[in-house]
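A.B. asks: FYI, the numbering for the sequence shown is 749 to 1148, going by the working numbering. Take this structure, written in structure tokens, and hold onto it; I'll ask about it next.
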Amino acid sequence: MYSAGRPQSIGLAPAVLLAVLATVSWNLLVLTTLSPDDVSPLVLAKWATVQWTPSFLNNAFAKQWQQEAWDHWDQVFRAKLKERNLVGKETLLSIPTVNVQDFGGNYSALLQHLESTEGPRWREKPLLLRHLWTEEQLFHDENRRLSQRGLLRENLTIPYFIDSRNDAALAPNGKARIKDIVANISHHGAPHKIGSQLLVAEYPEIIQEVAPTQLVTTLFGDRFQPDHVRQGAFGIPFLPSITTVPIFVAAVNNHKTTKQAFTTLHCEPVGSVAVQLEGAKQWTLVSPEYSFLLHPFIGPDGRSYFVSGYASPQELEHVPRYQVTTYAGDALWVPTWTWHRVDYTSTSSATSESDAGGQQVAIAASLFHLRPPDFVAHNPLFAFLMVPSLIKEILKINSQ
749 MYSAGRPQSI GLAPAVLLAV LATVSWNLLV LTTLSPDDVS PLVLAKWATV QWTPSFLNNA
809 FAKQWQQEAW DHWDQVFRAK LKERNLVGKE TLLSIPTVNV QDFGGNYSAL LQHLESTEGP
869 RWREKPLLLR HLWTEEQLFH DENRRLSQRG LLRENLTIPY FIDSRNDAAL APNGKARIKD
929 IVANISHHGA PHKIGSQLLV AEYPEIIQEV APTQLVTTLF GDRFQPDHVR QGAFGIPFLP
989 SITTVPIFVA AVNNHKTTKQ AFTTLHCEPV GSVAVQLEGA KQWTLVSPEY SFLLHPFIGP
1049 DGRSYFVSGY ASPQELEHVP RYQVTTYAGD ALWVPTWTWH RVDYTSTSSA TSESDAGGQQ
1109 VAIAASLFHL RPPDFVAHNP LFAFLMVPSL IKEILKINSQ
């Protein structure tokens, strides 16, 4: 019975429907605003729907919507490249490079050099830092934990990739102690790969073995101290840290005919300083502005990254890109949302503890930090689509 002056409930089902319609309308408005020129908002909206529900990727309609978007973007953005005369192999770009040892520990002078030669916005492009560490610092300290010798003593159990030569190896599919994984790689040539932040999360002081603290603080801010690894995001104890330090270990390929370990082309919502500690890596880097040319889709495991539908570097010849090799002691600055593929490669220039015999191993670590202004500014569309995945990581639903 109606009661005067008493608000009437509209019912649960209509309320849910209204909430869904409001959410969809808002999302469509945002997507339309973020849509680049000449890109169909409808095609973009259908693609975005797939990204918000990664488990939907195996559905026939989802695959069709995604392929439709990729075909549309190929047509639009390849035409834009032709207008700018950016086609073919001449699209290889020159990466800014400095030799850290030339500055004799005067990192303020290094910063001034970068600002004068590359401009005040130099952090928006990749940067190669040669000789961040000297050979003596890396290989003549028996107490280093981030070395092959040191990792062979680590008992911590972590997730790892059983076969990193697999194109579909986007998420770890095994668990074992670090020392057992590294022993299998170095002594038996196993195609395993480690890509885990758990070691430094457990022992934050190890971050000091990744890069000289004063150098990274001068260039990239005071974000890479042990306390920043221990702290929760924004100082909230129960949240995960927004500074993480994944360690990467894999066998180096000594034979060009043998399929090698690699990390597929992907981009992440963090800036990173990738430091090579042993062995070498070949990098392919693509600016966020060319994301639509890379057949992007959100990480199928629900974590905060986007993957490219292209499986090999050869498929990227139409895209402006950087290619660089990091050797032991080098570091590479990878700006927020910059696409990168990593191939583990052998080179006579890379010093390693395994040079005298056995399987050569590449060991690296990356200083990851979420930079909110760059997160939004460098790729606002991806930032918008990444929110559900970031919430899961903040709530510690996804980690490795």
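By construction, the Cβ of each residue, glycine as well, lies at the ideal position given by its N, Cα and C atoms.
1. In three-state terms, what does DSSP make of T865?
2. Mind checking who F909 pairs with in its DSSP beta bridge?
3. Report yes if the C-beta distance between S1056 and H1014 is below 8 Å; otherwise report no.
4. Comparing alpha-carbon positions, which option in V1124, S1035, V977 lies nearest H1117?
5. Take A1059 as the anchor and find which of I926, T1011, H1066 has the nearest alpha-carbon.
6. Hey, out of Q815, F909, S1114, whose CA is closest to G1019's CA?
7. Considering only C-alpha positions, which residue in the set K830, L858, A938, L1042 is nearest to V1109?
8. Sort F996, R913, W870, L963 by Cα distance to S856 and report the nearest one.
9. Please check the pair W1087 and L1042, which I expect to be a contact at CB under 8 Å, by giving their CB distance rounded to whole angstroms.
10. Could you please give the first and the last residue of the uninterrupted beta strand (DSSP E) stretch that includes F1040?
11. Taking the DSSP output, what are the residues bridged to W1081?
12. Assign T845 to buried or exposed, taking buried as 16 or more other Cβ atoms, counted over all protein chains shown, within 10 Å of its Cβ.
13. From what residue to what residue does the beta strand (DSSP E) around I995 run?
14. The alpha helix (DSSP H) that contains W881, what's its start and end?
15. Measuring alpha carbon to alpha carbon, tell me which of A1131, V798, Q849, V787 ends up nearest A1078.
16. Going by CA-CA distance only, name the one from N833, L947, A998, E1016 that's closest to H936.
17. Closest to Y1092 by CA distance: which of I1111, Q812, P1083, E883 is it?
18. Say the cut is 7 Å; is the CB of S1137 nearer than that to a heavy atom of the ligand MN?
19. Report the partner residues of N847 according to the DSSP bridge assignment.
20. Which same chain residues, not among the five before or five after T865, have their C-beta less than 8 Å away from its C-beta?
21. What do you reckon, are the CB atoms on Y908 and A931 nearer than 8 Å?
22. Can you list, in chain order, the residues of its chain with a C-beta nearer than 6 Å to that of N1127? Leave out the 5 residues immediately preceding and following it.
C.D. replies: Taking the structure as given:
1. Three-state result, T865: helix.
2. K941
3. yes
4. V977
5. T1011
6. Checking every option, the nearest Cα to that of G1019 belongs to S1114.
7. Residue A938 is the option with its Cα nearest to V1109.
8. Distances from the alpha-carbon of S856 to those of F996, R913, W870, L963 put L963 closest.
9. Between W1087 and L1042, the beta carbon gap of about 6 Å places them in contact (Cβ cut-off 8 Å).
10. No beta strand (DSSP E) contains F1040, which DSSP labels as neither H nor E.
11. Under DSSP, W1081 forms a beta bridge with L875, V1021.
12. exposed
13. Per DSSP, I995 belongs to the beta strand (DSSP E) from 995 to 999.
14. It is not in any alpha helix (DSSP H) - W881 carries neither H nor E in the DSSP assignment.
15. Reading the sequence as shown, one finds Asp at residue 1078 and not Ala. It is Q849.
16. A998
17. When each option's Cα is compared against that of Y1092, the closest is I1111.
18. Only the bare structure without any ligand can be found here, which leaves the ligand MN out of the picture.
19. Beta-bridge analysis with DSSP links N847 to R878.
20. P844
21. In this structure, Y908 keeps its C-beta atom at 8 Å or more from the C-beta atom of A931.
22. Cβ within range, chain order: P1036, W1085.
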